[in-house]
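Below you'll find the structure, written out as structure tokens, and then a few comments.
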Amino acid sequence: MTPKFWTAVALGSTMVVSAPVWANCIPLPVVGGSGTRITKKLSPGGTLVTGDNWNTDFVVPTDRVFSRFVVTVTPRNQGSYSLNFYLKYPDNSADRFFSREPITLEKDRPVRQVGRVRSPKDQPFQVNVFVGGFEAIGNTVQIQVDGCTR
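Numbers given in my numbering equal positions in the sequence shown, counted from 1, plus 9.
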């Protein structure tokens, strides 16, 4: 299988090379939203009374077996962010497949990462995308998750 494209972002002395986007992928719907992509302005951190909007969940359809999930985060502002991506399973466990705190992202340069399922018989029910950080408050990001069958 040949990747369609790669994305690389230079981060000082570190380069993050994101995963390729593969064929046989479908966009996942946003939990509690409409559509398969969400754009949000990051709110201040939560308190006991108010919450932040740093977590976004995507529904994994049960009508097919996925082998991997591709998370794409596109910042609309350059800055320092905290990124954590998880596959959430029905037994209340979760596999974190990407974590960078902090990570400097370039404006309009997508970061893509792939999370692989445990096994074809052990499918997650949601993909959680955490994008936040105190330095990122007020910044806008676009998030999409694709589920891939091969």
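Just so you know, even glycine gets a beta-carbon here, dropped at the ideal spot from N, CA and C.
Owing to the predicted nature of the structure, the values given are computational and were not obtained by experimental measurement.
Three-way DSSP call (helix, strand, coil) for residue i in this model
i, result
"Phe-143", "helix"
"Gly-41", "coil"
"Pro-70", "coil"
"Tyr-98", "coil"
"Thr-65", "strand"
"Arg-118", "coil"
"Val-154", "strand"
6 Å CB neighbourhood of residue i in its chain, flanking five on each side removed
i, result
"Tyr-95", "Ala-103, Arg-105, Asn-137"
"Gln-87", "Glu-115, Lys-116"
Residue i to residue j span [Cα, whole Å]
i, j, result
"Arg-159", "Val-68", "18 Å"
"Pro-133", "Phe-75", "9 Å"
"Asn-64", "Phe-107", "14 Å"
"Val-79", "Arg-125", "9 Å"
"Pro-99", "Gln-135", "9 Å"
"Gly-44", "Arg-77", "20 Å"
"Arg-46", "Asn-33", "18 Å"
"Asn-62", "Pro-70", "23 Å"
"Arg-127", "Pro-53", "34 Å"
For residue i, the nearest candidate out of the options (CA to CA)
i, options, result
"Lys-97", "Val-58, Lys-130, Ser-52, Asp-66", "Asp-66"
"Gly-141", "Asn-93, Gln-135, Gln-153, Arg-125", "Asn-93"
"Ile-152", "Lys-130, Pro-129, Arg-121, Phe-107", "Arg-121"
"Gly-156", "Ile-112, Asn-62, Gly-60, Val-123", "Val-123"
"Ile-35", "Pro-129, Asp-72, Glu-110", "Asp-72"
"Arg-109", "Phe-139, Asp-131, Arg-127, Asn-101", "Phe-139"
Residues near residue i in its chain [Cβ-Cβ closer than 8 Å; skip 5 each side]
i, result
"Thr-149", "Thr-48, Lys-49, Lys-50, Leu-51, Pro-84, Arg-85, Asn-86"
"Pro-111", "Ser-89, Tyr-90, Ser-91, Gly-142, Glu-144"
"Pro-129", "Val-74, Ser-76"
Outcome for residue i when other beta-carbon atoms lying within 10 angstroms are tallied against a minimum of 16
i, result
"Thr-81", "buried"
"Ala-145", "buried"
"Val-39", "buried"
"Val-154", "buried"
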